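Below is one structure; the comments refer to it alone.
See the structure below:
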């Protein structure tokens, strides 16, 4: 992309990398959490639900500060992880962690709604035929909730691309290392004469976000149509 400077391209590439890993690593936890919230019956369920959705209502800077207090090398958790080579603070991995946490509620909500829409009688029918729980999940539940999984994953990816407050608080804004698209836009807006760079990144952000929304809708409809025709 000759029309992007190296710093702009690095910000775009890092954002895509961060969003990809944030979405991929969140998905297994989102599936488990969504199932617990949709079907689980346990004490403290409402409290658990509130904690899961807390990143949606907390100021992102607060979330970033909590991550910094938890995962900085000076903190017990951060120090213990650093001893096995895992460092989040002021690294791109920290940006992925912050983006994953901020996007997690959106993914969980989409999957949970899909699970709640599944008729339990279909799963019960498969179980009465001798299928194990795992086989029922793989052959009945998962195909039925796949539109929600796809939609949630793509929306989480788009959210991760646009994450700013928690990311800049947790990993700062280091060009080439932790500077994502939103951070780069913010940095360029602080430099006189750099509005053109900021505008280019804004356009790219809009294109990525709209593409993700359209792709989510298209994939969900196609998967739902295939399931309905099966």
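Numbering (UniProt numbering), first residue to last: 1 to 230. Cβ coordinates follow ideal geometry from the N, Cα and C atoms, glycine included. What you are looking at is a predicted structure, and each value in this text was computed from that prediction instead of being measured.
For this session: Report the residue ranges of all alpha helix (DSSP H) runs contained in full by the stretch 140-167; include only those spanning at least 4 residues, in chain order.
Result: 142-162
Problem set entry | alpha helix (DSSP H) segment containing residue 113, residue limits | 92-117
Exercise. Taking the alpha helix (DSSP H) that residue 57 falls in, what are its first and last residues?
Worked result: 45-57
Exercise. Comparing alpha-carbon positions, which option in 199, 145, 137, 97 lies nearest residue 160?
Worked result: Nearest of 199, 145, 137, 97 to residue 160, Cα basis: 97.
For this session: Compare the beta carbon distance of residue 169 and residue 61 with 8 Å and say whether it is the shorter of the two.
Result: yes
Exercise. What residues in its chain sit with their C-beta under 6 Å from that of residue 152, if we drop five residues either side in the sequence?
Worked result: 107, 110, 111
Exercise. By a C-beta neighbour count over all protein chains shown, 10 Å radius and 16 as the cutoff for buried, is residue 94 buried or exposed?
Worked result: buried
For this session: Look at the Cβ atom of residue 26, then the Cβ atom of residue 100, and state whether they are nearer than 8 Å.
Result: yes
Exercise. The alpha helix (DSSP H) spanning residue 88 covers which residue range?
Worked result: Unbroken run through residue 88: none, as it is neither H nor E.
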